[in-house]
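What follows is one structure encoded as structure tokens, with my remarks underneath.
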Amino acid sequence: MNIFRLIGDLSHLAAIIILLLKIWKSRSCAGISGKSQILFAIVFTTRYLDLLTSFISLYNTCMKVIYIGCAYATVYLIYMKFRATYDGNHDSFRVEFLVVPVGGLAVLINHDFSFLEILWTFSIYLESVAILPQLFMISKTGEAETITTHYLFCLGLYRALYLFNWIWRFYFEGFFDMIAIVAGVVQTVLYCDFFYLYVTKDGKGYRFSI
Amino acid sequence: LAFSGSKDEL
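Protein chains in written order, with this note's numbering: chain A, 2 to 211; chain B, 5 to 14.
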């Protein structure tokens with residue numbers, strides 16, 4: 002554990018909680034892509050199956066359980082409790098174009114051809130592109146609420162901090178995981194355009210194009 | 005290349 006990793010995890014947690022609170026307080030999921038949230042629920046589920054097979058640390062277990070719980074709670078709020086406010090017409094990204102190639106890639110390029118390892122690899126690849134339906138939705142409607150931009154900023158910051166974490170681990174532990182690093186770079190790059198707008202517009206809600 | 009090495013990460 003290093004400072005980049007810790008702040009990254011907390012940033013990730015902040016993003017998840019910001020989104021949950023936004024939906025809960027406003028009683029609305031307008032402007033939020035349910036598809037991205039389903040993809041994140043799939044990401045956490047397929048990655049954290051090792052909860053059942055191995056114990057790493059109390060921190061690790063707690064965070065995994067919280068992430069999975071929050072992901073399903075978010076999906077529940079969007080598709081069940083507040084589904085009347087869900088803007089399905091604008092959430093039109095074809096997720097099969099992500100899930101199918103990512104699944105194929107996970108089978109082809111992985112550390113070990115075993116069930117759990119392929120699911121873990123699938124989750125890493127899927128996470129790197131899971132935000133695309135959300136970004137697509139914002140580009141389609143041309144606007145995002147301020148709170149939604151804070152959510153996206155925290156989510157992007159999390160993966161950017163993980164890049165520094167991997168640089169740290171490479172230098173001080175001689176450790177690197179090429180699958181995680183390449184996917185992490187791809188994921189971070191997807192946020193770059195958004196980061197630029199977020200900083201230059203001072204995080205205000207804005208009309209937004211990609 | 006470390007196998008399954010980043011499983012301690014989230």
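The C-beta atom is built at its ideal place from N, Cα and C for all residues, glycine as well.
Just reading off the alpha helix (DSSP H) that TYR199/A is part of, what are its end residues?
179-201
Under the three-state reduction of DSSP, which class applies to PHE42/A: helix, strand or coil?
Note that residue 42/A is Ala in the sequence shown, not Phe. Judged by DSSP in its simplified three-state form, ALA42/A adopts helix.
Below 8 Å on C-beta distance, what does ASN61/A contact in chain B?
Residues of chain B with a Cβ closer than 8 Å to the Cβ of ASN61/A are, in chain order, ASP12, LEU14.
Check whether chain B comes within 8 Å of LYS65/A, counting only Cβ atoms and requiring the distance to be less than that.
yes
Do you know offhand how far THR150/A's Cα is from TYR199/A's?
Approximately 7 Å between the Cα atoms of the pair.
Taking Cβ-Cβ distances shorter than 8 Å, what residues in chain B pair up with ASP10/A?
LEU14
What are the residues that DSSP puts in a beta bridge with ALA31/A?
BP columns for ALA31/A are empty, so no partner.
Determine the burial state of GLU128/A: buried for a count of at least 16 other Cβ atoms within 10 Å of its Cβ, exposed for fewer.
buried
Does the beta-carbon of PHE114/A have 16 or more other beta-carbons within 10 angstroms, so that it is buried, or is it exposed?
exposed
Give the C-beta separation of LYS36/A and VAL96/A to the nearest angstrom, bearing in mind that I take them to be a contact with Cβ-Cβ under 8 Å.
A Cβ-Cβ distance of about 5 Å is found for the pair LYS36/A and VAL96/A, placing them in contact under the 8 Å criterion.
Give a yes or no on contact between the region 69-86 of chain A and the region 133-144 of chain A, applying the rule of three or more CB pairs nearer than 8 Å.
no
Return the residue from the list GLN135/A, GLU146/A, ILE180/A that minimises the CA-CA distance to TYR192/A.
GLN135/A
DSSP three-state label for ALA131/A, please.
coil
Assess contact between the region 42-62 of chain A and the region 114-126 of chain A, defined as three or more Cβ pairs (one per stretch) separated by less than 8 Å. Is contact present?
yes
In chain order, which alpha helix (DSSP H) runs of at least 4 residues are fully inside the region 84-119 of chain A?
97-109
Tell whether a beta-carbon distance below 8 Å holds between ILE182/A and TRP167/A.
Yes, Cβ-Cβ distance for ILE182/A and TRP167/A is below 8 Å.
Return the first residue and the last residue of the alpha helix (DSSP H) that THR64/A is part of.
Residue identity differs from the one stated: residue 64/A is Met in this sequence, not Thr. Looking at the DSSP string, the run of the alpha helix (DSSP H) that includes MET64/A is 59-77.
Closest to ILE19/A by C-alpha separation, out of PHE176/A, PHE196/A, CYS71/A, PRO102/A, would be which residue?
CYS71/A
Count the other CB atoms, across all protein chains shown, that sit within 10 Å of the CB of LEU53/A; report buried if there are 16 or more and exposed otherwise.
exposed
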